[in-house]
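Peer 1: The structure's right below; bear with me while I get my questions together.
Numbering (the UniProt record's numbering), first residue to last: 1 to 731.
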């Protein structure tokens with residue numbers, strides 16, 4: 001049909017109305033391959049023709065105020081009005097014969113007009129089109145697509161995603177395009193790249209090059225004037241709209257912008273009688289199913305397990321535009337303060353969103369507002385500080401042994417603590433009074449929390465379903481955040497470094513960083529290693545928390561000779577004290593490291609005992625074997641028996657928090673044909689397995705206990721002989 005020049009677009013539009021995702025996807029692929037619909041392209045081109053007719057009127061040949069001049073101005077206004085009607089017919093969801101699919105196609109064509117990818121022959125046309133598009137009210141039309149109820153509630157989710165993303169890209173390009181030096185708009189982030197007319201929204205969003213240099217610098221200036229010309233109601237509606245889109249995108253539910261923002265806060269709000277922000281609720285984050293499906297509320301982001309890359313991109317770009325609009329009209333910032341659920345939105349986007357990319361964008365964007373000057377009584381810095389300090393979050397719990405929403409919030413608190421630390425850094429006494437806070441009291445509370453915090457320790461070997469790995473990760477992120485906050489509070493006026501260092505330095509060294517070294521120093525290697533590992537498990541186990549702890553130690557010793565001397569003394573005693581007794585042992589290397597990232601405990605090789613280690617580890621990983629062996633108890637325990645030493649090995653593999661265990665007593669107890677084994681001589685692994693299982697089962701039989709290995713690996717040999725020429729059988 002295309003090769004014969006027939007107009008088949010109406011047929012494709014009708015096919016797109018069918019309730020079949022495969023057909024809709026096929027129609028979109030066809031539309032990307034064929035040339036642009038001429039009826040749509042020509043109507044968009046008619047907008048730029050308004051600018052050409054206007055440029056024909058030369059003020060030099062037509063005196064100002066003459067009838068000819070007035071007639072041309074009148075004709076130009078008529079052309080502008082015709083251009084507005086044309087844009088409405090293309091971009092208004094309520095226009096005649098308009099469907100969400102056709103609206104998406106029109107927006108994609110508009111994107112190609114505004115942001116062309118070719119630099120040859122199209123840049124001047126694009127610049128002229130952008131300027132006339134803005135003068136004909138195009139900015140209001142495309143922003144209306146983001147307003148609540150602009151799209152039907154039941155519109156296809158992917159179509160809604162693409163419309164929102166392309167509209168945000170166009171807005172960002174028009175407001176922050178190629179701008180002359182010194183005329184930059186208050187906007188951060190990478191600039192979008194012009195894309196082809198029918199390129200998908202997600203493909204266009206992945207380009208990060210700056211706009212072509214040939215693009216007109218008047219476009220963002222005109223767009224800026226349009227925004228500055230918004231009435232207070234229009235500005236508030238736009239800000240509220242961008243906030244809804246960003247929030248809904250962060251929640252992975254773009255259909256929620258059509259709902260009414262409420263003050264509901266099931267996930268993040270504790271009971272009303274909560275005394276401070278540190279006594280936060282750890283309750284469920286889920287609201288009733290009917291409400292969570294139709295209404296934006298505090299906690300909606302926490303309910304979403306994952307957020308798609310497209311939704312994350314929409315949320316990030318909407319948030320960047322939101323901050324830009326706040327900077328355009330700082331005199332109206334009070335209206336943003338008073339919007340419904342704005343505080344819930346800030347906390348949700350910083351902590352609740354499952355996309356780290358969105359949380360990072362939120363941190364940087366809110367950070368850019370800290371030093372912004374506004375005529376409002378309440379400064380942006382004070383407003384953000386109050387929001388963060390009064391947020392009801394479970395970030396001051398003494399343990400991360402939680403599930404569901406609470407554990408998720410603990411694992412996503414990095415950006416919250418980063419912004420809070422930024423707001424509370426280098427505060428003078430006057431600043432503290434203005435913000436109505438006390439840095440010394442906050443620091444005292446943080447030290448108290450560090451003292452009482454209990455890190456996650458394994459009670460059984462780690463398995464994915466145990467949740468231990470998630471709690472360890474939450475430990476790492478939560479500790480890094482608190483240590484970062486303490487470093488920020490240390491920079492405030494009125495903090496006594498010496499008094500704080502006398503408490504923090506021993507605490508960080510002995511409990512959070514080097515407890516194993518303290519074990520060695522105090523002679524703990526002679527203790528039972530199970531007890532030692534429980535008492536000296538480092539609380540900072542991840543890269544983020546250890547880095548934050550080291551940074552805090554540096555902060556404590558800066559400009560403080562007392563703290564420097566104390567810290568150096570601790571480090572020398574832990575790591576540089578010579579013990580002559582250890583010089584007699586070849587390759588002395590105490591097991592002081594914690595478990596590896598896998599969560600399992602290793603067995604040290606005695607020289608050539610790898611055959612032993614492999615069999616012992618394989619048997620340990622068989623479900624039920626280690627449990628059955630450790631469940632056997634006897635009134636007469638003999639430490640020299642093989643079974644007792646096997647129990648000791650499996651107890652360490654299951655409970656120890658050290659990197660590995662040295663089974664030296666097991667080596668001495670095991671006998672091969674009645675002879676002790678030489679740990680530096682290799683043996684056959686299968687033969688060791690056979691002898692080990694036989695000796696263990698024989699011991700259990702002598703104790704009138706059920707055999708462990710025979711019931712699992714044992715069997716009965718059956719031989720049957722059938723004679724062909726007679727009926728006799730032998731079994």
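Where is the CB? At the ideal position from N, CA and C, for every residue including glycine.
1. Between the region 325 to 335 and the region 427 to 435, do three or more beta carbon pairs fall short of 8 Å?
2. With distance defined between alpha-carbon atoms, name the residue in 547, 228, 636 nearest to residue 482.
3. Would a check of beta-carbon distances place residue 513 closer than 8 Å to chain B?
4. Just verifying my parser: in three-state terms, what is the DSSP assignment at residue 695?
5. For residue 253, does the three-state DSSP call read helix, strand or coil?
6. Measuring CA to CA, which of 682, 490, 628 is closest to residue 558?
7. Counting Cβ pairs closer than 8 Å, one from the region 628 to 638 and one from the region 603 to 616, do we hit at least three?
8. Is it buried or exposed, residue 39, if we count other Cβ atoms within 10 angstroms and call 16 or more buried?
9. Count the CB pairs spanning the region 673 to 681 and the region 696 to 708 that are closer than 8 Å, and state whether there are at least three.
10. Express the C-alpha separation of residue 576 and residue 694 in angstroms, rounding to a whole number.
11. Considering only their Cβ atoms, is the gap separating residue 172 from residue 378 smaller than 8 Å?
12. Tell me residue 603's beta-bridge partners as DSSP assigns them.
13. Who are the Cβ neighbours of residue 493 in its own chain at under 6 Å, not counting the five residues just before and after it?
14. List, from N- to C-terminal side, the alpha helix (DSSP H) runs of 4 residues or more that fit wholly inside the region 348 to 411.
15. Could you pull the DSSP bridge partners for residue 671 from this structure?
16. Let me know the alpha helix (DSSP H) ranges lying completely inside the region 422 to 447, each 4 residues or longer, listed in chain order.
17. In whole angstroms, give me the CA-to-CA distance for residue 13 and residue 101.
18. Does residue 263 come out as helix, strand or coil in the three-state DSSP assignment?
19. The ligand GDP and residue 326: does the residue's C-beta get closer than 7 Å to at least one heavy atom of that ligand?
20. Beta-carbon within less than 7 Å of residue 30's beta-carbon, same chain only, minus the 5 sequence neighbours each way: which residues are those?
21. Out of curiosity, what's the CA-to-CA distance linking residue 500 and residue 511?
22. Can you find the residues in the same chain that come closer than 7 Å, C-beta to C-beta, to residue 336, ignoring five residues on each side of it along the sequence?
23. For the alpha helix (DSSP H) that residue 28 lies in, which residues bound it at each end?
24. Just the C-alpha distance for residue 385 and residue 228, rounded to the nearest angstrom, thanks.
25. Identify which residue in 90, 21, 77, 678 has its Cα closest to the Cα of residue 42.
26. Can you have a look at residue 349 and say buried or exposed, based on whether 16 or more other CB atoms are within 10 angstroms of its CB?
27. Under the three-state reduction of DSSP, which class applies to residue 138: helix, strand or coil?
28. Under 8 Å between the Cβ atoms of residue 142 and residue 86?
29. What does the Cβ neighbour count give for residue 18, buried or exposed, with the cut at 16 atoms within 10 Å?
30. Should the region 676 to 695 be called in touch with the region 620 to 629, which here means at least 3 C-beta pairs below 8 Å?
31. When you compare the region 350 to 357 with the region 294 to 306, are there three or more beta-carbon pairs, one atom per stretch, that lie closer than 8 Å?
32. Does the Cβ-Cβ distance between residue 549 and residue 508 come in under 8 Å?
33. Put residue 330 into one of helix, strand or coil per three-state DSSP.
34. For my contact list, residue 345 and residue 243 are in at a C-beta cut-off of 8 Å; report their separation, rounded to the angstrom.
35. If distances are taken between C-alpha atoms only, which option among 155, 396, 333, 622 comes closest to residue 233?
Peer 2: Straight from the coordinates:
1. no
2. 547
3. Checking the listed chains, one finds no chain B in this structure; it contains a single protein chain.
4. helix
5. coil
6. 490
7. no
8. With fewer than 16 other Cβ atoms within 10 Å, it is exposed.
9. no
10. Going from the Cα of residue 694 to the Cα of residue 576 covers about 48 Å.
11. It is not a contact, given that the beta carbons lie outside the stated cut-off.
12. 661
13. 428, 429
14. 356 to 367, 380 to 389, 405 to 411
15. 676
16. 429 to 435
17. 8 Å
18. Caution is warranted here: a pLDDT of 44 is assigned to residue 263, below 50, making its placement in the model unreliable, and no coordinate value can be reported.
19. What this structure holds is no ligand at all, so the ligand GDP is not there to describe.
20. Within the same chain, and ignoring the five residues on either side of residue 30 in sequence, the residues whose Cβ sits closer than 7 Å to its Cβ are 12.
21. 16 Å
22. 239, 326, 342
23. 21 to 33
24. 28 Å
25. 90
26. buried
27. helix
28. At the C-beta level, residue 142 and residue 86 stay beyond 8 Å of one another.
29. exposed
30. no
31. yes
32. yes
33. Annotated three-state conformation of residue 330 is helix, per DSSP.
34. 6 Å
35. 333
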